[in-house]
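Numbering (the working numbering), first residue to last: 266 to 724. We treat Cβ as the ideally placed atom computed from N, Cα and C, and that holds for glycine.
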Ligand SMILES: [Zn+2]
């Protein structure tokens, strides 16, 4: 058996790996889009499918982030006819994510989008975590797969394949993106039993995350400042995952304050200005069976972790424009959560253009800001009163810029090492993917220090 990497080798986007079982059979794990700086020519990152599909028997999707599923329209256009295996929550989220991606990059023709989604749904095979499912192959080889919770975003999974070729059995585990523990709503990544070959992500293979304990307190401090100076708190956030985590934390703060009489935080409007995030949040609410214990405990207390009185969700564009006008004119405090998470587009850009030059505005980053994005520029130049270009317009930054540490959807170095340590059957080989070269090298050294397992870093 061999593994061909069609993406996420020299970077973190475009995830797509092909597990070749024999000359007539293979399966794909993820089919993601290249993003940000990795879309340039050096990365050989055209979205079109540039490999043969004749032998590809199935696609297995680890989660619905666009860098893991965004090339599915190209895959179908190239002739792939399913099945697409994924977890039950991913199967609920994927059509929404795909419809939004098509709207942004291909067409606004709703009929075409609906047709595509209908076709996609015919190919989707949702499977329960831990259930072993066999994939029909040509000839005598056998293959089965099972999913376990990866704790990265809702529905995320790592996948273990068990193959039998010429009477020899082998197991291969693809980690997909692994999460960090203590993520709101999500159970921590499950302990893996083991495998012969491990394909491990290494996004933060060179880093240890700061503790998550203080992040609620820091968020609360900034909210109080907004109340005092009448400014708006702008939080750029990804629609899937981070937005729901923030809502969860805001509910935590507001619930605690509600018990105290006369606390003005009770009056602070929280505005979720993102149609996609609003829809994703609605789907999250229907996925309660997959919520973690803490979220269930809150439900039992009569609380609604993703929904509270002060929350207003804006869908249409007209209300969005009015909201910007109202907030800039009235100097009334508010919190606005909007996409995109790195300020590369979406409604957050309109807010930033209107409010970045106002010293009462606070911009709060709760996620990674990639090189070359406006988010990174604001973070870098904002504190010195610099400027940023948004939609070709130069905007002077007078707002206060903050980073909320302790938010990461990815496992850090210690989490990745412990993923291997907890395996009862240790792999015979580990292949490192999904990370820049420094992260992979450092993680590779750390793994060699801890285990006598050969490490491969594909170039
Ligand atoms: Zn991801």
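Coil, strand or helix - residue i by DSSP
i           : result
residue 329 : coil
residue 683 : helix
residue 439 : strand
residue 407 : strand
residue 399 : strand
residue 623 : coil
residue 299 : coil
residue 434 : strand
residue 290 : strand
residue 278 : coil
residue 313 : coil
residue 372 : coil
residue 642 : helix
residue 543 : helix
residue 677 : strand
residue 658 : strand
Residue from the options whose Cα sits closest to the Cα of residue i
i           : options            : result
residue 294 : 699, 629, 640, 455 : 699
residue 663 : 443, 361, 650      : 650
residue 319 : 580, 344, 338      : 344
residue 296 : 281, 315, 289, 290 : 281
residue 476 : 677, 354, 491, 687 : 677
residue 505 : 684, 724, 704, 328 : 328
residue 431 : 415, 266, 708      : 266
residue 608 : 631, 412, 597, 375 : 631
residue 392 : 516, 409, 666      : 409
residue 626 : 596, 645, 614      : 596
residue 629 : 711, 484, 557, 558 : 484
residue 563 : 633, 463, 517      : 517
residue 623 : 497, 436, 361, 417 : 497
residue 441 : 621, 279, 658, 679 : 279
Through-space distance from residue j to residue i, alpha-carbon basis
i           : j           : result
residue 404 : residue 286 : 11 Å
residue 727 : residue 407 : There is simply no residue 727 to check, as the chain begins at 266 and stops at 724 in what is shown.
residue 306 : residue 501 : Bear in mind that a pLDDT of 47 at residue 306, under 50, signals an unreliable position, so the model cannot answer this.
residue 394 : residue 611 : 34 Å
residue 424 : residue 451 : 18 Å
residue 647 : residue 639 : 11 Å
residue 233 : residue 335 : Lying outside 266 to 724, the shown extent of the chain, residue 233 is not represented and no answer is given.
residue 326 : residue 352 : 8 Å
residue 330 : residue 315 : 21 Å
residue 701 : residue 532 : 44 Å
residue 288 : residue 487 : 59 Å
residue 402 : residue 387 : 20 Å
residue 434 : residue 428 : 6 Å
residue 569 : residue 290 : 47 Å
residue 683 : residue 272 : 25 Å
residue 721 : residue 694 : 7 Å
residue 559 : residue 478 : 15 Å
residue 582 : residue 381 : 25 Å
residue 482 : residue 399 : 48 Å
Run of the beta strand (DSSP E) containing residue i, from where it starts to where it stops
i           : result
residue 422 : 422-430
residue 654 : 652-655
residue 352 : 349-352
residue 462 : 462-466
residue 535 : 535-538
residue 376 : Per DSSP, residue 376 belongs to no beta strand (DSSP E); it is in the alpha helix (DSSP H), 375-388.
residue 699 : Unbroken run through residue 699: none, as it is neither H nor E.
residue 734 : With the chain covering only 266 through 724, there is no way to say anything about residue 734.
residue 497 : 497-501
residue 668 : 665-668
Proximity below 8 Å, CB of residue i to CB of residue j
i           : j           : result
residue 358 : residue 545 : yes
residue 669 : residue 601 : no
residue 511 : residue 522 : no
residue 471 : residue 708 : yes
residue 348 : residue 390 : yes
residue 365 : residue 541 : yes
residue 503 : residue 284 : no
residue 444 : residue 454 : yes
residue 571 : residue 513 : yes
residue 268 : residue 696 : yes
residue 686 : residue 459 : no
residue 419 : residue 552 : yes
Residue range of the alpha helix (DSSP H) that includes residue i
i           : result
residue 508 : 507-523
residue 393 : From DSSP, residue 393 is part of no alpha helix (DSSP H); its letter is neither H nor E.
residue 568 : Taken as a continuous stretch (DSSP letters only), residue 568 belongs to no alpha helix (DSSP H), as it is neither H nor E.
residue 493 : 480-494
residue 576 : Premise fails: residue 576 lies in the beta strand (DSSP E), 576-579, not in any alpha helix (DSSP H).
residue 341 : 337-342
residue 472 : Counting along the chain, residue 472 falls outside any alpha helix (DSSP H), and DSSP gives it neither H nor E.
residue 213 : There is simply no residue 213 to check, as the chain begins at 266 and stops at 724 in what is shown.
Chain B within 8 Å of residue i, Cβ atoms only
i           : result
residue 549 : Although the question refers to chain B, the structure presented lacks it and comprises just one protein chain.
Closer than 7 Å: residue i CB and nearest ligand 2 heavy atom
i           : result
residue 418 : Although ligand 2 was asked about, the structure shown includes only ligand 1 as ligands.
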